[in-house]
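Single-structure report; data block below.
In this note's numbering, the protein residues as written are -4 to 258.
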């Protein structure tokens, strides 16, 4: 079994035992653990509850398709067979998620281990949180180009996120159009109200855990949607151009190769 964690994580004393326990089942090929934090800053607490909300959804699934290296375990032969993490990602970003997507697509069973915990230092300011979300959005563009089937969802991503992106886009279009035709401003208001409505499931869930986080969530989510949505749009455009350019170069270079006389 090969285990991974990140440089900014501190595994709990029983982490190795918990991470490797699922492999007693020979059908299990990979496993994912969870974050915990000691921080008390509001944004850090919000990030932790954001993860825990997603963990609860993951825990209901018989298998998952999304494993991050902060708490990851794989059978060694699987890493060798599939070449490990992608090396064409220029900086550490989504190579771990890409690997788990590839394994899940090949039919291998990956599982969630909620009691395999690592301490982590989350972003503690709103600016740091939004920068991270913009970065996630940008590299999600790369993932969605290579794994277009995941645009419909995965085990980790909140299903409400796509609706929120669409409603924010509609709000912006109506605001711009409202300059020319004022009734569109009502459409912008309606789309914004619908957006806030999508945040209520988390607000209700968080209310009994941390009321300050619950109250901040709708407004932080609004900013998150703007920054992550912008990052995703830029990422899709940028990485698509890179992939298209690489394919054009490959075809051109292949065309210049000498013809094999034996063929």
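Heads up, the beta-carbon is just placed ideally off N, CA and C, and yes, glycines get one too.
- Per DSSP, the continuous alpha helix (DSSP H) segment holding residue 135 begins and ends at 121 to 141.
- Here residue 119 has 34, 36, 38 and 39 as same chain residues with Cβ atoms under 8 Å from its own Cβ, once five neighbours each way along the sequence are excluded.
- Secondary structure in the stretch 146 to 228: the alpha helix (DSSP H) runs of 4 residues or longer, each lying completely within the stretch, are 155 to 173, 179 to 193 and 195 to 202 in chain order.
- Taking 8 Å as the cut-off, the beta carbon of residue 145 is found closer than this to the beta carbon of residue 96.
- Residue pairing by DSSP places residue 27 opposite 67 and 107 in a beta bridge.
- Here residue 22 has 104 as same chain residues with Cβ atoms under 7 Å from its own Cβ, once five neighbours each way along the sequence are excluded.
- Inter-residue distance for residue 4 and residue 203 is about 27 Å (C-alpha atoms, whole angstroms).
- Remark: three or more beta-carbon pairs, one from each stretch, lie closer than 8 Å, so the stretch 17 to 31 and the stretch 112 to 130 are flagged as touching.
- Using a Cβ distance threshold of 8 Å, residue 136 and residue 234 count as a contacting pair.
- Residue 48 and residue 138 have their C-alpha atoms some 23 Å from each other.
- The three-state reading of DSSP puts residue 112 in strand, counting E and B together.
- Residues 213 of the same chain have their beta carbon placed closer than 7 Å to that of residue 191, with the five preceding and five following residues left out of the count.
- The residue among 162, 70, 143 and 92 with its C-alpha nearest the C-alpha of residue 151 is 92.
- Under the DSSP assignment, residue 42 falls in the alpha helix (DSSP H) whose first and last residues are 37 to 54.
- Per DSSP, residue 96 is one residue of the alpha helix (DSSP H) stretching across 90 to 100.
- For residue 144, no alpha helix (DSSP H) run applies, since DSSP gives it neither H nor E.
- Between residue 45 and residue 219, the alpha-carbon positions lie close to 12 Å from each other.
- Taking a contact to require three or more Cβ pairs closer than 8 Å, the stretch 69 to 77 and the stretch 51 to 60 do not qualify as touching.
- The beta-carbon separation of residue 25 and residue 129, rounded to 28 Å, does not stay under the 8 Å limit for a contact.
- Taking 8 Å as the cut-off, the beta carbon of residue 163 is found closer than this to the beta carbon of residue 221.
- Taking residue 99 as the centre and dropping the five residues before and after it, the same chain places the C-beta of 60 and 105 closer than 7 Å to its C-beta, in chain order.
- Looking from the CA of residue 167, the closest CA among 158, 85 and 182 belongs to 182.
- With respect to the C-alpha of residue 193, the residue from 161, 205 and 175 having the closest C-alpha is 161.
- Within the same chain, Cβ atoms closer than 6 Å to the Cβ of residue 189 are found at 162, the five residues on either side in sequence being excluded.
- Restricting attention to 172, 27 and 43, the CA atom closest to the CA of residue 209 is found in 43.
- Within the model, the alpha-carbon separation for residue 153 versus residue 201 is close to 15 Å.
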